[in-house]
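Below you'll find the structure, written out as structure tokens, and then a few comments.
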Amino acid sequence: MKFKILLASVLVIAGCQTTKETTQADTNQSKTVVEQPTNTPVETVVPIVPIIKKTQPVVAQLTPQQQQDVWDRIAMQITTKIPNNKRVQYYRNWYLNNPRNLEIIAQRAQPFLYYITEQVEKRGMPLELALLPIVESSFDPHAYSNMAAAGLWQIIPDTGRRFGLKQNSWYDGRRDVVKSTTAALNLLEYLNKKFDGNWQQALAAYNTGEGRVFSAIRKNKAAGKPTDYWNLDLPNETSSYVPKLYAVADIIMHPKKYGFHIEPISNKPVIAIVKPGVQMNLTIAAEFAGISTRELKDLNPAYRRGVTAPNGLNHLLLPINKVKHFRRELAQNRNASMITHHHRVKSGESLGLIAKRYHSNIKTIQKVNKLKTTNIRIGQSLTIPASPISLVNRQHRVATHMEVQHYVVQSGDNLWNIAHKYKTSVAKLKQLNSLSKNTVLHQGQRLNVSTTSKKTAANHKTIHYKVQNGDSLSVIAQRYDISVAEIKKWNNLANNKYIKQGQQLKLVIDRRKVQA
Numbered sequence: 003m004k005f006k007i008l009l010a011s012v013l014v015i016a017g018c019q020t021t022k023e024t025t026q027a028d029t030n031q032s033k034t035v036v037e038q039p040t041n042t043p044v045e046t047v048v049p050i051v052p053i054i055k056k057t058q059p060v061v062a063q064l065t066p067q068q069q070q071d072v073w074d075r076i077a078m079q080i081t082t083k084i085p086n087n088k089r090v091q092y093y094r095n096w097y098l099n100n101p102r103n104l105e106i107i108a109q110r111a112q113p114f115l116y117y118i119t120e121q122v123e124k125r126g127m128p129l130e131l132a133l134l135p136i137v138e139s140s141f142d143p144h145a146y147s148n149m150a151a152a153g154l155w156q157i158i159p160d161t162g163r164r165f166g167l168k169q170n171s172w173y174d175g176r177r178d179v180v181k182s183t184t185a186a187l188n189l190l191e192y193l194n195k196k197f198d199g200n201w202q203q204a205l206a207a208y209n210t211g212e213g214r215v216f217s218a219i220r221k222n223k224a225a226g227k228p229t230d231y232w233n234l235d236l237p238n239e240t241s242s243y244v245p246k247l248y249a250v251a252d253i254i255m256h257p258k259k260y261g262f263h264i265e266p267i268s269n270k271p272v273i274a275i276v277k278p279g280v281q282m283n284l285t286i287a288a289e290f291a292g293i294s295t296r297e298l299k300d301l302n303p304a305y306r307r308g309v310t311a312p313n314g315l316n317h318l319l320l321p322i323n324k325v326k327h328f329r330r331e332l333a334q335n336r337n338a339s340m341i342t343h344h345h346r347v348k349s350g351e352s353l354g355l356i357a358k359r360y361h362s363n364i365k366t367i368q369k370v371n372k373l374k375t376t377n378i379r380i381g382q383s384l385t386i387p388a389s390p391i392s393l394v395n396r397q398h399r400v401a402t403h404m405e406v407q408h409y410v411v412q413s414g415d416n417l418w419n420i421a422h423k424y425k426t427s428v429a430k431l432k433q434l435n436s437l438s439k440n441t442v443l444h445q446g447q448r449l450n451v452s453t454t455s456k457k458t459a460a461n462h463k464t465i466h467y468k469v470q471n472g473d474s475l476s477v478i479a480q481r482y483d484i485s486v487a488e489i490k491k492w493n494n495l496a497n498n499k500y501i502k503q504g505q506q507l508k509l510v511i512d513r514r515k516v517q518a
């Protein structure tokens, strides 16, 4: 009995005790701690399992320079706040309602936009400036305005010379995409400084001249009006200039928002500058590059005569994937860069006479034909490289319709009686037929006795020019690459007659120099 009572007491005491495991913070081993008996019920301790969140892989955002499309590269870097005023809305709606316009522009911009974008980036200028040729010329490299502005950036002659663009009868730097881009960006930087960093006023000055913008600012200050671009009294074209640029920039930045698609342009270089070191005929250069003459001329619209300039201005823009082909062909053809004539030596001819006929020289003919001496024989075939003069004459003949009269020499004829018959001179006959002083005529010989030329309408366009303040006939003639005599003839102007501001003049100019 006493044993049973003792056993029951032991069981009661054992039932009132609990144990609890705790884990030390600085060890991985468990330690059991015996606690004093309490009257609280027994609790089951559930171990806490830490929740490990899986981190999502970070997708690196492509930089503007890593984009596949140049339009995206530009859009990502436009930080200018574009106002949504009526003027911007108007031109944005116009572009959206005329999608064909930007479609054509995108095609024209394909070779040039990447290069221009890079140049704007290098200078740290606002990226919407890369879109300025859209507003200026619709990216037409041959664009020419009635105010004589030329090229992608529509630079007038005086401004071009001021910013280092050479202009002569061979070459117009305003149409040189590389040179004119440098000049245009230099001008924009200059104007931005002039207007204390105000890009809108600088752009207005690019369009209409800094003097007119400063005058509009002074006028508003005197009247107590705001002097920001949007409140200036400027010509209509200038008032529309910045809104057009901003409208295009807004569309490029938000194509999805406006439901607009513009043809992508690859974000990589597509053209390269090549310096062949010799004056080149553009037709031959195109053949060496494996492209059409038209494509080469579209890339190099600065050259006016179908050949590069003779004074060292002979660099070419070529598709970057055609450069190796061009250089290989040029080397294989011994740097032959001009059109050649094939001449078969006739009785009485000398190397000097042949050189004179083709406006070449003896040494050049010897070099091309590998002649050690000046001795030639009748019937020998010679390759004569055309000189710049003969190339110009050849181009002139293409640009005009030549009507040539021929005469077959009869027994007893001489140059004097033939000249008298056709109302010309002996000197003219010799010039037309490349005859030397002692040339003897032969019966049956065919002579050119006269030529008449008519300008083809295909290459010329008539415009009506409004005389501006400070204009003179010589200034207008220089601007449009025509002569004072021609202006007088077209407008029936007497030699002593002055022109007046506002007067309309008819000008016939080369269609290839005028914006379509």
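Residue numbers (my numbering): 3 to 518.
Glycine included, each C-beta is placed from N, C-alpha and C at the ideal position.
The structure presented is a predicted model; accordingly, all values stated were derived computationally and were not measured.
Counted as a single uninterrupted DSSP element, the stretch harbouring L437 is not any beta strand (DSSP E), since DSSP gives it neither H nor E. Beta-bridge partners assigned by DSSP to D174: Q169.
If you draw a 10 Å sphere on the C-beta of V410, you find fewer than 16 other C-beta atoms in it, and that means exposed. Excluding its 5 nearest sequence neighbours in each direction, T295 has C-beta neighbours in its own chain below 7 Å: L284, T285 and A288, listed in chain order.
The three-state reading of DSSP puts Q68 in helix, counting H, G and I together. In this structure the segment 315 to 323 lies against the segment 271 to 282, because at least three pairs of beta carbons, one per stretch, are closer than 8 Å.
Only buried fits G175, as 16 or more other CB atoms lie within 10 angstroms of its CB.
Counted as a single uninterrupted DSSP element, the beta strand (DSSP E) harbouring V276 occupies residues I273 to V276. Here K221 carries a helix assignment [DSSP, helix/strand/coil]. Beyond the five residues adjoining it in sequence on each side, L353 comes within less than 7 Å, by CB distance, of I364, I367, T376 and I378 in the same chain, given in chain order. Between the alpha carbons of G381 and L509 lies a gap of roughly 50 Å. 7 Å or more divides the Cβ of L475 from the Cβ of N493. In this structure, DSSP gives K83 a state outside helix and strand, which the three-state scheme calls coil.
In this structure, P85 lies away from R75, with their beta-carbon atoms at least 7 Å apart.
Rounded to whole angstroms, the separation of the alpha carbons of L234 and S241 is 8 Å. A direct Cα-to-Cα measurement between S383 and R359 gives close to 15 Å.
V215 sits in a helix when the DSSP states are folded into three classes.
Straight across, the Cα-Cα distance linking H345 with L431 is about 21 Å.
Assignment of A421 by DSSP, reduced to helix, strand and coil, places it in the helix class. DSSP places P101 in no beta strand (DSSP E) but in the uninterrupted alpha helix (DSSP H) bounded by P101 to A111. Residue pairing by DSSP places K299 opposite no residue, since no beta bridge is assigned to it. I275 sits exposed, since fewer than 16 C-beta atoms from the chains shown fall within 10 Å of its C-beta.
In the three-state reduction of the DSSP assignment, S241 falls in the helix class, which pools H, G and I.
Excluding sequence positions up to five before and after I293, its CB lies within less than 7 Å of the CB of P321 and K324, all in the same chain and listed in chain order.
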